[in-house]
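Participant:
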Ligand SMILES: [Zn+2]
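Residue numbers (our numbering): 23 to 318.
1) Helix or strand or just coil, what does DSSP make of residue 224?
2) Less than 9 Å between the C-beta atoms of residue 169 and residue 148, yes or no?
3) Buried or exposed: which applies to residue 187, given that a residue is buried once 16 or more other Cβ atoms fall within 10 Å of its Cβ?
4) Mapping DSSP to helix, strand and coil, what is residue 216?
5) Using the three-state DSSP reduction, which class does residue 182 fall into: helix, strand or coil?
6) Between residue 133 and residue 87, what straight-line distance do the alpha-carbon atoms span, to the nearest angstrom?
7) Applying the 10 Å Cβ sphere with the 16-neighbour rule, what's the burial state of residue 151?
8) From residue 41 to residue 293, what does the alpha carbon distance come to, in whole angstroms?
9) With a threshold of 16 other CB atoms inside 10 Å of the CB of residue 222, please say whether the residue is buried or exposed.
10) Among 317, 160 and 67, which has the Cα closest to the Cα of residue 136?
11) On the DSSP bridge assignment, give the partners of residue 305 in chain order.
12) Would DSSP call residue 153 helix, strand or coil?
13) Hey, quick one: how far does the alpha helix (DSSP H) through residue 201 stretch, first residue to last?
14) Cβ of residue 252 within 9 Å of Cβ of residue 308?
15) State the Cα-Cα distance for the pair residue 129 and residue 290, rounded to the nearest angstrom.
16) Assuming residue 251 is part of the alpha helix (DSSP H), what are its boundary residues?
17) Give a yes or no on whether the C-beta atoms belonging to residue 123 and residue 312 are separated by under 9 Å.
18) With a Cβ-Cβ cutoff of 9 Å, do residue 218 and residue 204 count as a contact?
19) Strictly by DSSP, which residues pair up with residue 25?
20) Going straight from the alpha carbon of residue 306 to that of residue 269, what length do you get?
21) In angstroms, rounded to a whole number, what distance separates the CA positions of residue 138 and residue 75?
22) Could you please give the first and the last residue of the uninterrupted alpha helix (DSSP H) stretch that includes residue 139?
23) With a 10 Å radius around its C-beta and 16 neighbouring C-beta atoms as the bar for buried, classify residue 48 as buried or exposed.
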């Protein structure tokens, strides 16, 4: 893997950058499996720097975006669908808020749509849905499970001509090596007044500070981290005005949490009863931001 040392902050171009956390992975030893959505080796991370001007935290040296894109296109993650119910609850709350902020029957594009869980619910909530997903296995799963035809690739590759009234970036921003370029290509797919919803880990959250290097959002797939300040900056730079900021609380089943702590086998008699027990994990360590593209 090629790595590029950065001398300036990739978000604000400021030169006052300093070491934030030591890296714990060997960039030359990583593979597609390290990018699984359900990767549970928390604490794994690239060497991270932070910008003293805007607060952005980013992998430095920067891993090669094309190599990472290759890992995602080869990705298969069978565990992801096991958590449909928990993910569905998270997504239903976002859809309720979108229905208040967007017109009825609005067109919606989900970027990084995975197996289509969010899009399936969005369609049920009356949105006209489309999705982008780089992994061939997840695109196939979205079609076989929900009959959704996702565009296989990245937002940058999505055909122009179509614009959307709502774009969703749910746990995607922290995975891309050039978030500014992603925002630029999304702006191209959105009409003035269109709504963007972003969910991303909050590096300035209490959980991130208390858990230190063991914070569960540190993982190989996460190459950058935003705070409210740096995310506001990124959105403003691309002509977005924030209309609502929330703290996102993840829902997980007890089975999912325990299987990450204990060697609980699939098919164990405890699996079914545990899967039915949902609890809301209130760490408030993700940002959930709604922003409108300005009229220009
Ligand atoms: Zn900066």
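Glycine is no exception: its CB is placed at the ideal position from the N, C-alpha and C atoms.
Facilitator: Checking against the coordinates, here is how it stands:
1) Under the three-state reduction of DSSP, residue 224 is assigned to strand.
2) Contact: no.
3) That one is buried.
4) Note: residue 216 maps to strand in three-state DSSP.
5) Residue 182: coil per DSSP, three-state reduction.
6) Approximately 17 Å, taken between the alpha carbons.
7) Residue 151 is buried by the Cβ-count criterion.
8) About 43 Å.
9) Burial call: buried.
10) The shortest Cα separation from residue 136 among 317, 160 and 67 belongs to 160.
11) The partner list for residue 305 (beta bridge, DSSP) is empty, contrary to what the question assumes.
12) Here residue 153 sits in strand by DSSP.
13) Here the alpha helix (DSSP H) through residue 201 covers 201–210.
14) No.
15) Within the model, the alpha-carbon separation for residue 129 versus residue 290 is close to 42 Å.
16) Counting along the chain, the alpha helix (DSSP H) containing residue 251 begins and ends at 250–259.
17) Taking 9 Å as the Cβ cut-off, residue 123 and residue 312 qualify as a contacting pair.
18) Not a contact, by the Cβ cut-off of 9 Å.
19) Residue pairing by DSSP puts residue 25 in a beta bridge opposite 85.
20) Cα to Cα, the separation comes out at about 5 Å.
21) Between the alpha carbons of residue 138 and residue 75 lies a distance of about 37 Å.
22) Unbroken alpha helix (DSSP H) run through residue 139: 139–146.
23) With fewer than 16 other beta carbons inside 10 angstroms of its own, residue 48 counts as exposed.
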